[in-house]
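Data block below; observations after.
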Amino acid sequence: MSDTGTRTGLAVLDEVFSTARAEGRAALIGYLPTGYPTVAGSKGLLAQTLDAGADLLEIGLPYSDPVLDGPVIQHAVETALRAGVRTRDTLDAVESVAARGGRAVVMTYWNPILRYGVDAFARDLAAAGGLGIITPDLVPDEAADWLTAGDRYGLGRTFLVAPSSTEQRLASTVAATTGFVYAASTMGVTGARDAVSDTAPALVERTRRHTDLPIGVGLGVRSGAQAGEVAQFADGVIVGSALVSAAEHGRAAVARLTTELAAGVRGNHTGR
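With the working numbering, letter number 175 in the sequence shown gets 166, and the count goes up by one each step, no holes.
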């Protein structure tokens, strides 16, 4: 039975971070897109990531104009789209994670949700056991329908903040957010980097002045050491491109990297 069978997705999402906080660590959030390398294969990779220690899965809904995504994720979603992946496949992937006892949110650009129907997507996501949506190209000012639907179905609404966000924009963004805030550690697109952005700690500190919500930091983490570094100042460590790169080498590679990242957020990785 889904973990959200008797509770709202937002309540379960809050529990993910409160549990990690009680253990004195950050939560590990792993991103993989639906349909890469195949729909069935992506479900297997998500299950592997969950089993290897991810606290929360961020399931990407493939879209033809992924403005935030770098080359690694672009290649993966283009592969999925060429193979005919559909929005319904992402909901099925969420359901497969929930049936396994895992927790998942969907990362999606806004056009696919508009096409599906905002209220219908929120309804079907909640029914599948999803906890919420991360919307990188939607600002709260233009999100009235989603704010209503998210509240109606008890889903988390994660908007993004960035180093370029003004204090006014930080305040308005976190005021519309529920569940957790996504802090993009650097300007630009996704992609594993050799070092954690030095703008990330300052962005988290600025965001904390405006909210008590957990703050997850994404963009650039590729190793347990970097996960451990981010975990020292953030509530969640979000890893995408590095996991997608590992997915090119199969489930065992994804398991190895997730295990390393999970050790990183717990301060147990070699070299910390």
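For each residue, glycine too, the CB sits at the ideal point set by N, CA and C. Just so we're clear, the structure is a prediction, and the values are computed from it rather than from any experiment.
Nearest-angstrom Cα separation, counted from residue j out to residue i
i	j	result
E133	I64	26 Å
A43	A13	20 Å
T40	D115	24 Å
G262	R247	Reliability fails at G262, whose pLDDT of 49 lies under 50, so the model's placement of it is uncertain and no value is given.
L234	A67	11 Å
A303	A140	An answer regarding residue 303 cannot be provided, because it is not within the stretch -8 to 263 covered by the chain.
L19	V256	7 Å
A237	V245	5 Å
L252	P57	25 Å
A71	P131	29 Å
T29	L48	18 Å
Simplified DSSP state of residue i, which is helix, strand or coil
i	result
R247	helix
V208	strand
G227	strand
T(-1)	coil
S214	coil
G219	helix
E133	helix
E239	coil
Residue interval of the beta strand (DSSP E) (run including residue i)
i	result
A95	95 to 98
G123	123 to 125
Buried versus exposed, by CB contacts within 10 Å (16 or more), residue i
i	result
S87	buried
S176	buried
M178	Note that M178 scores a pLDDT of 49, beneath 50, so its modelled location is shaky and nothing firm can be said.
G75	exposed
S9	exposed
P24	buried
L105	exposed
R79	exposed
L45	Strictly speaking, residue 45 in this sequence is Ala, with Leu absent from that position. Label assigned to A45: buried.
E239	exposed
Bounding residues of the alpha helix (DSSP H) (the contiguous stretch that carries residue i)
i	result
L129	First-last for L129: undefined, no H or E at that position.
R257	Neither: R257 is in no alpha helix (DSSP H) and is coded neither H nor E.
R91	Element bounds for R91: n/a, residue is neither H nor E.
Any C-beta of chain D under 8 Å from that of residue i
i	result
V30	Considering every chain present, this structure includes no chain D. It has just one protein chain.
Go through the segment 11 to 77 residue by residue and report every complete run of the beta strand (DSSP E) that reaches 3 residues or more, in order.
-> Within the segment 11 to 77, the beta strand (DSSP E) runs of at least 3 residues that lie entirely inside it are, in chain order, 18 to 24, 47 to 51.
Run through the segment 136 to 206 for me and flag every whole alpha helix (DSSP H) of 4 or more residues, listed as ranges in chain order.
-> For the alpha helix (DSSP H) assignment, the uninterrupted runs of no fewer than 4 residues enclosed by the segment 136 to 206 are, from N- to C-terminal side, 158 to 167, 191 to 199.
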